[in-house]
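**Student:** So for the sequence shown, our numbering puts the first residue at 7; every next one is plus one.
Ideal Cβ placement from N, Cα and C applies to all residues, glycine included.
Handing you this structure, nothing more for now.
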Amino acid sequence: MTASFAIRADGSTTIGLGHVMRCSALANALIDCGATVSWLTATPDHVPADLDGSVERVVMTDETELADALASRGIRHLVADWKETNPQRVSDLRRAGVHITLVGNFLHGAVPDLHVRQGFLPGLSPSGAPALSGPKYLLLPRSCRALPPRRVAERPQRVLLSLGGTTTPLLARLQAQISAEFPDLALEWRGPAQAGPVHPLVEALQQTDIGILAGGTTLHEAAATGLPTVCLPIVASQFDRAEQFESAGLGVSLNPVDPGFEHQFAAVLQALVADTHRRRDMARKGQALVDGDGAIRVASHLCALATGASRESQ
């Protein structure tokens, strides 16, 4: 029997693009497992460009439409990746017979049926629900699967600057500093989310030598591609991931609001440019830790749950 899922996720310059990008990876993996998927969003202008064409797209104007959208399609399995999770909504949907999988690390008191945590270290769900956690379950796009080992250049030529989909003045400051202090490095930068299809960064990550990235979902892709990275968490929720990233030896993390940040940043980037051995070590550790198969592992788990539940109800 074919398993049917709904995925609820939004993206914007306010909440970033991590929610939709990782949910797109899971949606595509569910399709690869033979499931059908409906994509429920209030931000139709920020849908990932690589979302499988077979996925039904449903625009929501109000969160109260969610229950009816599921019921009208006969969908009993919801994957949700909200910026702010409403515990009462989760509870009401579960009481109505919907299996709830929540993606992300902050549940705001909600208790799902399954919690898919996203980070470099495994951990239990604060809700007490069963959890899929750690680098084996990072939700990455199809293009991160089966990547070859990174070839690390003796002398870096290109730097990629991307601070996620949110708007931050730090981007312009770093653009100016890198251009002025590192004229030998070609600088590619990606700005805040724009209206239109959201394109994955994987190809850009593969084609650069050093990344300057925020502490969001792109860090997981950087590890999978073996990109030596300077991580700059720009919101409070990113500091834990940035600390894990540095502790695992995948890169260096700096706090952009620390006094003397500009001097620290220049020193760290210069040291990384000069140290080929360290960059090779970061690349090796990243690709050893993150193999890019997390989305298919989670999708396989969800499809097994869904088809098992269908057989039991017959």
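Is A48 helix, strand or coil when you go by DSSP?
**Tutor:** Against the sequence shown, residue 48 aligns to sequence position 42. Looking at A48 - three-state DSSP - the assignment turns out to be coil, as it is neither helix nor strand.
**Student:** H121 CB to nearest chain C CB: under 8 Å?
**Tutor:** Of the protein chains in the structure, only one exists, and it is not chain C.
**Student:** If I measure Cβ to Cβ from T224 and keep anything under 7 Å in the same chain, skipping five residues before and after, which residues do I get?
**Tutor:** Position 218 of the sequence shown, counted from the start, is the residue given in the question as residue 224. Correct list, in chain order: S168, G170 and L207.
**Student:** I believe I13 touches V85 by the beta-carbon criterion, under 8 Å. Please report the beta-carbon distance rounded to the nearest angstrom.
**Tutor:** Here residue 13 refers to the residue found at position 7 when the sequence shown is read from its first residue. Here residue 85 refers to the residue found at position 79 when the sequence shown is read from its first residue. Indeed they touch by this definition, with Cβ atoms about 5 Å apart.
**Student:** Is there contact here, the stretch 104–113 with the stretch 122–140, by at least three beta-carbon pairs under 8 Å?
**Tutor:** yes
**Student:** At 3 residues or longer, and completely inside the stretch 189–257: list those beta strand (DSSP E) runs for me, N to C.
**Tutor:** 192–196, 216–219 and 235–237
**Student:** Taking the beta carbon of V263 as the centre, do at least 16 other beta carbons fall within 10 Å, making it buried, or is it exposed?
**Tutor:** In the sequence shown, residue 263 corresponds to position 257, counting from 1. By the neighbour-count rule (16 or more Cβ atoms within 10 Å), V263 is not buried but exposed.
**Student:** Using the C-alpha atoms, what's the distance from C29 back to K89?
**Tutor:** Taking the sequence shown and counting its residues from 1, the one referred to as residue 89 is at position 83. Taking the sequence shown and counting its residues from 1, the one referred to as residue 29 is at position 23. Rounded to the nearest angstrom, the two C-alpha atoms are 13 Å apart.
**Student:** Please report how far the alpha carbon of R157 lies from the alpha carbon of F271, in whole angstroms.
**Tutor:** Counting from one through the sequence shown, the residue named residue 157 turns up at place 151. Counting from one through the sequence shown, the residue named residue 271 turns up at place 265. Their Cα atoms are separated by approximately 25 Å.
**Student:** Please classify P162: is it buried, with 16 or more other beta-carbons within 10 angstroms of its beta-carbon, or exposed?
**Tutor:** For the purposes of this step, residue 162 is identified with residue 156 of the sequence shown, where counting begins at 1. The residue is buried, with at least 16 neighbouring Cβ atoms inside 10 Å.
**Student:** Which partner residues does F11 have in the DSSP bridge list?
**Tutor:** For this step, residue 11 is matched to residue 5 along the sequence shown. Per DSSP, V43.
**Student:** Count the C-beta pairs between the stretch 303–317 and the stretch 252–260 that are closer than 8 Å, then say yes if the count reaches three, no if not.
**Tutor:** At 8 Å Cβ cutoff, the stretches do not touch.
**Student:** Span of the alpha helix (DSSP H) holding E187?
**Tutor:** Here residue 187 corresponds to residue number 181 of the sequence shown, with the count starting at 1. Residues L176 to E187.
**Student:** Comparing alpha-carbon positions, which option in P234, D246, H226 and L32 lies nearest D297?
**Tutor:** The sequence position of residue 297 within the sequence shown is 291, counting from 1. That would be H226, whose Cα lies nearest to the Cα of D297.
**Student:** Taking DSSP as the reference, what is the three-state secondary structure of V158?
**Tutor:** Reading the sequence shown from its first residue, position 152 is the one you call residue 158. Here V158 sits in coil by DSSP.
**Student:** Among E187, L180 and C39, which has the Cα closest to the Cα of G197?
**Tutor:** The sequence position of residue 197 within the sequence shown is 191, counting from 1. For G197, the nearest C-alpha among the options comes from L180.
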